[in-house]
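Student: Just passing along the structure, written as structure tokens.
In the working numbering, the protein residues as written are 31 to 183.
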């Protein structure tokens, strides 16, 4: 199931739909149900078309997750350990390292740029260390100096 605002909207819609189905079962007209709940008549007709029984519950939309719940739990336990336990020489996880572990452990390809968002969805914080930021700045500065040196010649 989705997290955050998407989950809240899904729950809100499902509650509205269930109220509408209940009102229809009580004999209310489609127009009355639609105006009472602030939805269109077509929406109410769609609820009727889907049926009133157990099958009336809607499934969340969207693409299925790449990792199932069991795999996600295992990945969380992997990330809680140091990267060295999985053959990396560094002390911190990066998107590239996590994507490689996912590929090795679960045979699923992940774009490293999507890893920070996945971690935020889990309630984790993704931060770069001060050393990593300083290293990136130094590398950028060295590249600028090198580029300036080539232009002068």
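We put the beta carbon where it would ideally sit given N, CA and C, even for glycine.
None of the values given here were measured: they were computed from a predicted structure.
Please classify residue 113 as buried or exposed, where buried requires at least 16 other C-beta atoms within 10 Å of its C-beta.
Tutor: For this step, residue 113 is matched to residue 83 along the chain shown. Burial call: buried.
Student: What whole-angstrom Cβ distance do residue 129 and residue 140 have, given they're in contact under 8 Å?
Tutor: The residue given as residue 129 occupies position 99 in the chain shown. The residue given as residue 140 occupies position 110 in the chain shown. The pair is a contact, with the Cβ atoms about 5 Å apart (cut-off 8 Å).
Student: Name the residue from 50, 54, 56 and 57 whose alpha carbon lies nearest to the alpha carbon of residue 69.
Tutor: Here the question's residue 69 lines up with position 39 in the chain shown. Nearest option by C-alpha distance: 50.
Student: If you check the beta carbons only, do residue 60 and residue 41 fall under 8 Å apart?
Tutor: Residue numbering aside, residue 60 sits at position 30 when the chain shown is read from its first letter. Residue numbering aside, residue 41 sits at position 11 when the chain shown is read from its first letter. Result no, Cβ atoms of residue 60 and residue 41 do not sit closer than 8 Å.
Student: Got a sec? Which residues, its chain only, sit under 7 Å from residue 63 by beta carbon, not counting five neighbours each side?
Tutor: Mapped onto the chain shown, residue 63 falls at position 33. Counting only Cβ-Cβ distances below 7 Å, and skipping sequence neighbours, we find 50, 53, 54 and 74.
Student: So, for residue 45: in the same chain, excluding its five sequence neighbours on each side, which residues have a beta-carbon less than 7 Å away from its beta-carbon?
Tutor: Stepping through the chain shown from its first residue, residue 45 is reached at position 15. Nothing meets the Cβ criterion.
Student: Within the continuous alpha helix (DSSP H) that includes residue 66, where are the two ends?
Tutor: For the purposes of this step, residue 66 is taken as residue 36 along the chain shown, with counting starting at 1. Where residue 66 is concerned, the enclosing alpha helix (DSSP H) stretches over 60-67.
Student: Taking the C-alpha atoms as reference points, what is the distance between residue 157 and residue 165?
Tutor: As a first step, residue 157 is located in the chain shown; it is residue number 127 there, counting from the start. As a first step, residue 165 is located in the chain shown; it is residue number 135 there, counting from the start. In a straight line, the C-alpha of residue 157 is about 15 Å away from that of residue 165.
Student: Do you know how far the Cα of residue 121 is from the Cα of residue 159?
Tutor: Locating residue 159 in the chain shown gives position 129, counting from the first residue. Locating residue 121 in the chain shown gives position 91, counting from the first residue. Distance between the alpha carbons of residue 159 and residue 121 is about 10 Å.
Student: Helix, strand or coil for residue 142? Go by DSSP, reduced to three states.
Tutor: The residue labelled residue 142 in the question sits at position 112 within the chain shown. Three-state DSSP puts residue 142 in a helix.
Student: By a C-beta neighbour count over all protein chains shown, 10 Å radius and 16 as the cutoff for buried, is residue 47 buried or exposed?
Tutor: If you number the chain shown from 1, residue 47 lands on position 17. Label assigned to residue 47: buried.
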